[in-house]
Amino acid sequence: MAKVESEVKQIRGKKVKMTPSEAIVETLVAEGVKEVYGILGSAFMDMLDLLPTADIRFLPVRHEQTTAHMADAYTRVTGVAGVVVGQNGPGITNMVTSVAAANQAHTPMVVISPSAGTPTVGWDGFQECNQVSVFEDITKETVQVTHVSRVADCLRTAFRIAYAERGPVLFDIPRDYFYGELEDQILEPYQYRVDSRGSGDPAQLDNAVELLKNAEYPVIISGRGTVDSDGIDTVKEIAEHLTAPVAVSYMHNDAFPDNHPLAVGPIGYMGSKAAMNTLKKADVVLAIGTRLSVFGTLPCYDIDYFPKDAKIIQVDINPRNIARTHPIEVGLIADAKSACDELLNRLQEEAPDPVQNQNRLQEVTHEREKWEEELVSLAMEDGNPINPRRALLELMRAVPEGTMISTDIGNVSSTANAYLKFNQGRKHIAALTFGNTGFAYPAALGAQLGDPSSPAVAIVGDGAWGMSLHEVSTAVEQNIPVVACVFNNNAWCAEKKNQVDYYDNRFVGADIDSPDFAEVARSMGAQGYRVDRPEDVGPVIAEAIKSKKPTVIDIQVDGTQLAPPFRKDALKMPTRHLPKYKHLDFESWGKK
């Protein structure tokens, strides 16, 4: 090890002769990359051969879509940009969905994208594809290596943009450019990129403080930027100083501790009524590290909760997100923690010993207790065999403090938004607004690799499980002790609910004939359990976590106990004009 460290020091700070593969790998080492996700391919094999000696683990998966989901979650947990690689052509195009998801999740990532060799470009050669054009709209940038001598420089540019703009960057390199030689200097990250955005414009900070100190009912919305910047403790202090209730943005339930007396829970689809009823009252909203997405602020439970007349103070590291969806009074282009530190200092200077607003605190407590009582009551309704809400309730009661939980897209996964509670950051790994199924399990694998000391649990519907169960083989092979909780209702129930409400219970493509997922898991070398009694959900999950082995729990839930339509804002009752289809018109329902 000492010899390796000595050799590393020798190539830092001066230009040395190396191969392009060596330049790539040494740049990854400098960036602190510990893992690369992919499937073995000849296009990047020369680079791959170096990874073990560089102490970088190559994590082979069963399908390339898994790679970027794993890297996405790994980055959310560790803060280090994830790196994925695949064979040129189909290996890279298999990543489109997961890279697009990471792009909308604002997750820094570098996609090492070998492309067709330069001597044959344009001849429709084996596995040739213009990968740059495919990824242009789903990444922050596509960086193309134009010459062998530029390999390290281009990779540094990819990392610089990934961190600066918070998203994936495609590093496209012709497969023949891994070979040859060049002279270059391996730089340290501080020499080519700067992450700090500071605390924002001083005048805008003054304006924000003025609004907050004069607010009659200030409410804070804490988002992923708070988590990524490790700013939760400062947000707590601001909330306590102002006696301001704190909601968390859609599917970022770990952005503020649930056990804090001012916490009101998540907004957005299937969020917290306590958060929504509280946010409605706000005259000033401090939105920290959140883009206030359209979908994440839509009415829910027939509550149009996002205040129309409140003055919004929005803090975001990306200027593109400021006032993108809601008009603001004050915008701060800043790191969430740095901005909050400065806001807190100025608020404390204005009022060193603020008086706690007891009435507001009591209102928050009342709203929380009322909502918690409703959640438990809904969960305790009988199901056949298990009410999915009951299963979620028992899951949260069973998992130990600090458990990382990933959620997919679907009826049960979305309902989980109301039940998931965290007291630490970097614990909630959700699919977010790209909304693709098959996210949760590979994400849990990546999260577990990022933080092996914390348990990792995936909440997955049976439809989404069909897109990810093959990765149980990866978990077994690599000894990744993730617990997959598969909520099995034998249907694509989020969409089935639309067919119930909008298509008169005409089910086309909704029902799924699933195998025994516990038995399938056991055949793949994992532990497998099938649960069909609500009282068994908690103990089985607790046992699975304690075992520290890859586990699949097939939880049989009622397919008729469904959440409201996922896209109620975008659906309409069906009308039909052609006589052939007139019986399907909503005005014909119930007519013979």
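Mapping of the sequence shown onto the UniProt record's numbering: residues 1 to 592, in sequence order. Glycine residues also receive a C-beta, built at the ideal position from the N, C-alpha and C atoms.
Scanning its chain for C-beta atoms nearer than 6 Å, with the 5 sequence neighbours on each side dropped, one finds around alanine 494 the residues Gly410, Asn411, Phe566, in chain order. For the 7 Å CB-CB criterion, histidine 241 and leucine 332 do not form a contact. When DSSP states are grouped into helix, strand and coil, glutamate 535 belongs to the helix group. By the C-beta density criterion, glutamate 350 is exposed, having fewer than 16 other C-beta atoms within 10 angstroms. Glutamine 527 carries a strand assignment under DSSP once its states are collapsed to helix, strand and coil. In the three-state scheme derived from DSSP, where H, G and I count as helix and E and B as strand, alanine 351 is classed as coil. Secondary structure in the segment 3-68: the beta strand (DSSP E) runs of 3 residues or longer, each lying completely within the stretch, are 15-18, 35-38, 57-60 in chain order.
Lysine 337 and serine 229 have their C-alpha atoms some 6 Å from each other. When the five nearest sequence neighbours on each side are left out, the beta carbons in the same chain lying within less than 6 Å of the beta carbon of aspartate 532 are those of Pro385, Gln556, in order along the chain. In the displayed model, glutamine 185 falls within a strand according to three-state DSSP.
With contacts defined by Cβ atoms closer than 7 Å, leucine 279 and histidine 326 do not form a contacting pair. A straight-line Cα-Cα distance of about 12 Å links threonine 365 and glutamate 373. Lysine 308 and glutamate 128 have their C-alpha atoms roughly 51 Å apart. For valine 294 and valine 537, the gap between their C-alpha atoms comes out near 35 Å. Non-local C-beta neighbours of proline 174 in its own chain, meaning closer than 8 Å and more than five positions away in sequence, comprise Pro114, Ser115, Ala116, Gly117, Thr118, Val121, Val145, ordered along the chain. Nearest in C-alpha terms to alanine 81, of all of Arg530, Val376, Glu329, Val33, is Val33. Rounded to the nearest angstrom, the gap between the Cα atoms of arginine 224 and leucine 584 is 44 Å.
The segment 279-288 makes contact with the segment 211-220; the number of CB pairs closer than 8 Å reaches 3 or more. In this structure, the alpha-carbon of methionine 47 lies about 42 Å from that of lysine 421.
For leucine 298, the three-state secondary structure derived from DSSP is coil. Runs of the beta strand (DSSP E) lying entirely within the segment 78-122 and spanning at least 3 residues, in chain order: 82-85, 109-115.
When the five nearest sequence neighbours on each side are left out, the beta carbons in the same chain lying within less than 8 Å of the beta carbon of methionine 95 are those of Glu64, Gln65, Thr67, Ala68, Val84, Gly86, Val111, in order along the chain. Cβ-Cβ separation between glutamine 448 and isoleucine 480: approximately 5 Å, consistent with a contact (criterion under 8 Å).
Straight through space, the alpha carbons of proline 579 and valine 472 are spaced by roughly 50 Å.
Per DSSP, the beta-bridge partners of leucine 170 are Val111, Thr142. Close CB contacts of arginine 62 within its chain, under the 7 Å cut and outside five residues either way in sequence, are with His470, Glu471, Ser473, Thr474 (chain order). DSSP places cysteine 340 within a helical segment (H, G or I) once states are collapsed to three. Taking a C-beta distance under 7 Å as the contact criterion, alanine 152 and phenylalanine 171 do not qualify as a contact pair. Taking the Cα positions, proline 20 is about 11 Å away from threonine 27. Annotation note: the segment 356-430 contains the following uninterrupted beta strand (DSSP E) runs of length 3 or greater, listed N- to C-terminal: 404-407, 428-430.
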